[in-house]
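Asker: Numbering (the numbering used here), first residue to last: 212 to 455. Every residue gets a Cβ at the ideal spot worked out from N, C-alpha and C, and that includes glycine. Here the structure is a predicted model, which means the values were calculated and not measured.
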Ligand code: ADP
Ligand code: MG
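Okay, structure coming up:
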């Protein structure tokens with residue numbers, strides 16, 4: 212049993228605790244929700260449990276596909292044990308369709324297909340409003356090396372293929388998602404979370420969002436959407452067969 216130690220950091224969606232092992236941390240998933248750089252705040256009941264379970268499912272899927280990530284094991288409904296990494300403070304976004312800030316910034320209709328998928332980097336710095344940067348900014352600011360960025364982009368695109376294929380089976384289209392990477396013993400791991408807080412998941416048929424956009428855009432049925440996503444990922448597929 213690993214013991215939960217002191218609080219290392221608290222962010223918008225999670226708290227990260229030290230453990231008695233310096234290479235491991237425990238992540239706690241909160242129900243609090245935030246949007247528009249903290250201008251909108253609220254609570255999505257049960258979100259922490261959904262994000263813990265969904266994130267676990269995705270990380271295990273990545274592991275099966277040979278993609279190194281921070282995930283170790285679930286502790287309970289809201290806590291997971293992960294490798295304690297040195298986070299590279301860059302949000303790496305992959306976008307298969309225009310939505311959110313991309314649609315706004317480039318004047319694209321929401322839902323426009325992005326082919327090839329768009330990869331974006333933003334500095335993880337709330338005071339600077341998470342500015343969009345490119346690979347040379349990141350290298351020049353010594354945030355990551357060219358080789359690290361090459362590996363990060365390659366991994367992000369691989370993750371996109373894996374998530375897209377997996378979610379298709381439960382009639383969900385992956386519109387976009389954000390990853391964070393961390394350094395651990397000389398390697399680069401996918402860290403943080405992969406959840407409806409950090410991705411856009413649309414029902415393939417209705418294009419209804421099953422993600423944080425329901426909260427951001429006051430679409431209603433926020434809790435239900437999180438539960439629906441969890442249910443589809445964990446339980447039955449549409450043909451009534453259990454997922455493996
Ligand atoms: P944010 O407000 O930046 O979205 P979160 O609440 O999502 O923060 O997460 C809390 C913090 O935990 C973030 O700074 C994130 O980068 C960090 N973090 C995620 N995974 C790990 C890990 N494996 N080791 C150390 N820190 C991590
Ligand atoms: Mg976060």
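Between residue 434 and residue 257, which are expected to be in contact by the criterion C-beta below 8 Å, what is the C-beta distance as a whole number of angstroms?
Answerer: With 8 Å as the limit, residue 434 and residue 257 qualify as a contact, their Cβ atoms being about 6 Å apart.
Asker: Confirm, please, whether the CB-CB distance from residue 335 to residue 278 is below 9 Å.
Answerer: Result no, Cβ atoms of residue 278 and residue 335 do not sit closer than 9 Å.
Asker: Report back the beta-carbon spacing between residue 310 and residue 422 to the nearest angstrom; my notes put them in contact at under 8 Å.
Answerer: Actually they do not touch by this definition, with Cβ atoms about 10 Å apart.
Asker: Using CA coordinates, which residue listed in 221, 284, 217 and 240 is at the minimum distance from residue 233?
Answerer: For the residues 221, 284, 217 and 240, the minimum Cα distance to residue 233 belongs to 217.
Asker: If you run the structure through DSSP and keep just helix, strand and coil, what is residue 355?
Answerer: Note: residue 355 maps to coil in three-state DSSP.
Asker: DSSP state of residue 444, grouped into three classes?
Answerer: If DSSP states are grouped into helix, strand and coil, residue 444 belongs with the helices.
Asker: Say yes only if the C-beta of residue 219 is nearer than 8 Å to one or more non-hydrogen atoms of the ligand ADP, and no if none qualify.
Answerer: Residue 219 Cβ: within cutoff of the ligand ADP.
Asker: Assign residue 416 to buried or exposed, taking buried as 16 or more other Cβ atoms, counted over all protein chains shown, within 10 Å of its Cβ.
Answerer: Label assigned to residue 416: exposed.
Asker: Is the closest heavy atom of the ligand ADP to the C-beta of residue 403 under 8 Å?
Answerer: Yes; taking the cut-off as 8 Å, the Cβ of residue 403 has a heavy atom of the ligand ADP nearer than that.
Asker: So if DSSP puts residue 297 in a beta bridge, which residue, or which two residues, is it bridged to?
Answerer: Beta-bridge pairing links residue 297 to 394.
Asker: What separation, rounded to the nearest whole angstrom, lies between the Cα atoms of residue 219 and residue 228?
Answerer: Straight-line Cα distance between these residues: approximately 5 Å.
Asker: Touching or not, the segment 317–337 and the segment 435–442, by the rule of three or more beta carbon pairs under 8 Å?
Answerer: Contact between the segment 317–337 and the segment 435–442 is absent, because fewer than three Cβ pairs lie under 8 Å.
Asker: Does the ligand MG have a heavy atom nearer than 8 Å to the CB of residue 408?
Answerer: The answer is yes for residue 408.
Asker: Whole angstroms are fine: how far does the CA of residue 261 sit from the CA of residue 301?
Answerer: Distance between the alpha carbons of residue 301 and residue 261: 25 Å.
Asker: Check the DSSP bridge columns for residue 343 and list the partner residues they point to.
Answerer: Residue 343 is bridged to 333.
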